[in-house]
Amino acid sequence: MTAALRRRRLLLGAAALPLAGCLPAPYGTYFRPSSTAPFEVRREACGGQAGPPTRLSMQLPSGIAIEASAQRDHVLGDASGIPLRLRLTLPRQRRVRFLGDRPTLQEQRSGRELALPVSVELLGVATVDVGDRVDVAVLHPAGGPLPGAAAPYGSATLRLDGPLGEAPLQMEVQLPALWLGDERLVLPPVTLQRPPSPDFTTYRSAALQQQVQARADACRRDTPQRDCAAILRHAELSFDERIGTARWLGEWRYTTVRNARPLLGMLRLEPGDARPWRLDRDAVVGLHDLASGQRHVVPLGSVGSVGSVGRIDVAYRGPLPLSTPLHARPAPAGADTHIDIGARLPGDVPSFEVRLPPVQVDGETVALPAIQFERRSFDGAFQPFNC
Numbered sequence: 063m064t065a066a067l068r069r070r071r072l073l074l075g076a077a078a079l080p081l082a083g084c085l086p087a088p089y090g091t092y093f094r095p096s097s098t099a100p101f102e103v104r105r106e107a108c109g110g111q112a113g114p115p116t117r118l119s120m121q122l123p124s125g126i127a128i129e130a131s132a133q134r135d136h137v138l139g140d141a142s143g144i145p146l147r148l149r150l151t152l153p154r155q156r157r158v159r160f161l162g163d164r165p166t167l168q169e170q171r172s173g174r175e176l177a178l179p180v181s182v183e184l185l186g187v188a189t190v191d192v193g194d195r196v197d198v199a200v201l202h203p204a205g206g207p208l209p210g211a212a213a214p215y216g217s218a219t220l221r222l223d224g225p226l227g228e229a230p231l232q233m234e235v236q237l238p239a240l241w242l243g244d245e246r247l248v249l250p251p252v253t254l255q256r257p258p259s260p261d262f263t264t265y266r267s268a269a270l271q272q273q274v275q276a277r278a279d280a281c282r283r284d285t286p287q288r289d290c291a292a293i294l295r296h297a298e299l300s301f302d303e304r305i306g307t308a309r310w311l312g313e314w315r316y317t318t319v320r321n322a323r324p325l326l327g328m329l330r331l332e333p334g335d336a337r338p339w340r341l342d343r344d345a346v347v348g349l350h351d352l353a354s355g356q357r358h359v360v361p362l363g364s365v366g367s368v369g370s371v372g373r374i375d376v377a378y379r380g381p382l383p384l385s386t387p388l389h390a391r392p393a394p395a396g397a398d399t400h401i402d403i404g405a406r407l408p409g410d411v412p413s414f415e416v417r418l419p420p421v422q423v424d425g426e427t428v429a430l431p432a433i434q435f436e437r438r439s440f441d442g443a444f445q446p447f448n449c
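Quick note on our numbering: the sequence shown kicks off at 63 and runs consecutively.
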């Protein structure tokens, strides 16, 4: 190969780098996780394919899976601290109890403990059929509501696909009947208005529009330097209605891009008390176009799966002591339990490690491996810039 041909190939390779979305560059300071137990590490960007290796995952013989990262917030910078995140996925249908209420964080070199606030939050999720009886005492991993949870008795989320080619200027939405214990609760139809500007994509009820407008007016009065119009543009809810102890929240959006279904919806139900609840087996959402008079029925579907019409996602989320006994009753099929642990580390924190307390799984005590986070500053490789 001649020298001219080699130069030409090098130039062509360099020219292709921007098209591939990566450039050679230093990573900057980051924290590389590791452990004495077998683990895998994913990179920071592009679905784990580029950037520094910052995310650890491991599957332990006890059935517990752990994901961990200490990844800088590139938008807020070090002033906001470095978020430490651990997610523990617990084995289904096995009793689990941690023998301590929080993990220990300590510097690797000095052994000094990092006395930082640590959050511990439970997330129990299950997918049930429309019409199934939902009982908090059966589905909740802790066996009942948690004090301090935003929705102590859980919430159900449903996805809605609007009718083909329809995005009415004004419509009435009829939500399905809710059975709460032996009580049947039917919310009156909610009238929603499509926003007048393409900058606004969320339908809103008159009551919610007044609330959002009041927030924007207060923003302009108290903090005029802020982009207060963003409150009007990005308020996500379309309505927030209560009936008895139950609360229905919903979002209907329309898209101006070419789409066979320009109208998409999401519903969230919070039952509000400990009584078992259910929807009718044939439950649907009714849409009434007030201009044309056309009526449509929209089937219910879960958020987490494709082609999941007739399924509902139920979630129980809230803070709890890590030592709370979980799965006293076996979790039903299709249910998952996660524990999310978080902390904010100072921007100048050196290499450190996280030690989780031992855990009992079906009465057997298991020691969990420590996770080390090594502070590194002089690594580099191809870095993404447009993925």
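Glycine included, each C-beta is placed from N, C-alpha and C at the ideal position.
Quick caveat: nothing in here was measured; it's all calculated off a predicted structure.
Separation of residue j from residue i, as counted between CA atoms
i: Gly396; j: Met233; result: 36 Å
i: Val158; j: Arg373; result: 28 Å
i: Ile126; j: Gln273; result: 44 Å
i: Gln275; j: Leu294; result: 7 Å
i: Arg156; j: Pro209; result: 24 Å
i: Thr427; j: Ser124; result: 10 Å
i: Ser367; j: Arg283; result: No answer about Ser367 holds up, because its pLDDT of 47 lies below 50 and its placement is not dependable.
i: Val137; j: Ile144; result: Interpretation of Val137 is limited by its pLDDT of 46, a score under 50 that renders its predicted location unreliable; the figure taken from the coordinates is listed afterwards. Distance between the alpha carbons of Val137 and Ile144 is about 12 Å.
i: Ala268; j: Val235; result: 13 Å
i: Pro114; j: Asp402; result: 23 Å
i: Glu175; j: Glu102; result: 26 Å
i: Tyr92; j: Arg246; result: 55 Å
i: Arg343; j: Pro361; result: 11 Å
i: Thr253; j: Met120; result: 49 Å
i: Gly90; j: Thr386; result: 40 Å
i: Glu129; j: Gly227; result: 42 Å
i: Gly173; j: Ser97; result: 17 Å
i: Ser439; j: Asp410; result: 12 Å
i: Pro230; j: Leu325; result: 9 Å
i: Val347; j: Pro238; result: 6 Å
i: Arg391; j: Ser217; result: 20 Å
i: Gly139; j: Ala177; result: Unreliable positioning characterises Gly139 in this predicted model, as indicated by a pLDDT of 49, which lies under 50. A coordinate reading is not provided.
i: Arg117; j: Leu249; result: 45 Å
i: Pro100; j: Leu150; result: 16 Å
i: Gly193; j: Leu331; result: 14 Å
Range covered by the beta strand (DSSP E) that runs through residue i
i: Val252; result: 252-255
i: Ile374; result: 373-381
i: His400; result: 397-407
i: Ala308; result: 308-316
i: His358; result: 357-361
i: Val192; result: Premise fails: Val192 is in no beta strand (DSSP E) and is neither H nor E.
i: Glu245; result: 245-247
i: His350; result: 346-351
i: Gly113; result: 112-121
i: Thr427; result: 426-428
i: Tyr92; result: 92-97
i: Thr219; result: 217-223
i: Val158; result: 158-160
i: Ala107; result: 102-107
i: Gln422; result: 421-423
i: Met168; result: The sequence given here has Gln at residue 168, not Met. Start and end: 166-169.
i: Pro145; result: 144-152
i: Asp302; result: 301-305
Three-state secondary structure assigned by DSSP to residue i
i: Asp284; result: helix
i: Ile293; result: helix
i: Leu240; result: strand
i: Ala278; result: helix
i: Leu341; result: strand
i: Leu21; result: Nothing can be reported for residue 21: it is not among the residues displayed for the chain, which extend from 63 to 449.
i: Gly325; result: Per the sequence shown, the amino acid found at residue 325 is Leu instead of Gly. Of the three classes helix, strand and coil, the one that applies to Leu325 here is strand, per DSSP.
i: Ala77; result: The pLDDT assigned to Ala77 is 43, lower than 50, so where the model puts this residue is not dependable, and the model offers no usable value.
i: Ala229; result: coil
i: Leu270; result: helix
i: Arg438; result: strand
i: Ala432; result: coil
i: Arg330; result: strand
Contact belief for residue i with residue j at Cβ below 8 Å, rounded distance in angstroms
i: Pro179; j: Ala405; result: 7 Å
i: Pro207; j: Gln434; result: With 8 Å as the limit, Pro207 and Gln434 do not qualify as a contact, their Cβ atoms being about 37 Å apart.
i: Arg437; j: Leu184; result: About 31 Å; that fails the 8 Å criterion.
i: Leu384; j: Val182; result: 5 Å
i: Leu430; j: Leu329; result: About 38 Å separates the two Cβ atoms, so there is no contact after all.
i: Val421; j: Pro153; result: In fact, because the Cβ distance is near 11 Å, the residues do not count as touching under 8 Å.
Element boundaries [alpha helix (DSSP H), containing residue i]
i: Ala130; result: Here Ala130 belongs to no alpha helix (DSSP H); instead the beta strand (DSSP E) covers 127-132.
8 Å Cβ cutoff, residue i in contact with chain B
i: Gln287; result: Absent from the structure is chain B; it holds one protein chain and no more.
Are three or more beta carbon pairs between the segment 151-162 and the segment 346-356 nearer than 8 Å? no
Inspect the CB distances between the segment 183-199 and the segment 299-315 and report whether three or more fall short of 8 Å. no
I want to know whether the segment 327-339 touches the segment 236-256 - three or more CB-CB distances under 8 Å. yes
Any chance the segment 375-395 sits against the segment 184-195, with 3 or more Cβ pairs inside 8 Å? yes
Just checking, does the segment 416-424 make contact with the segment 164-177 on the three C-beta pairs under 8 Å criterion? yes
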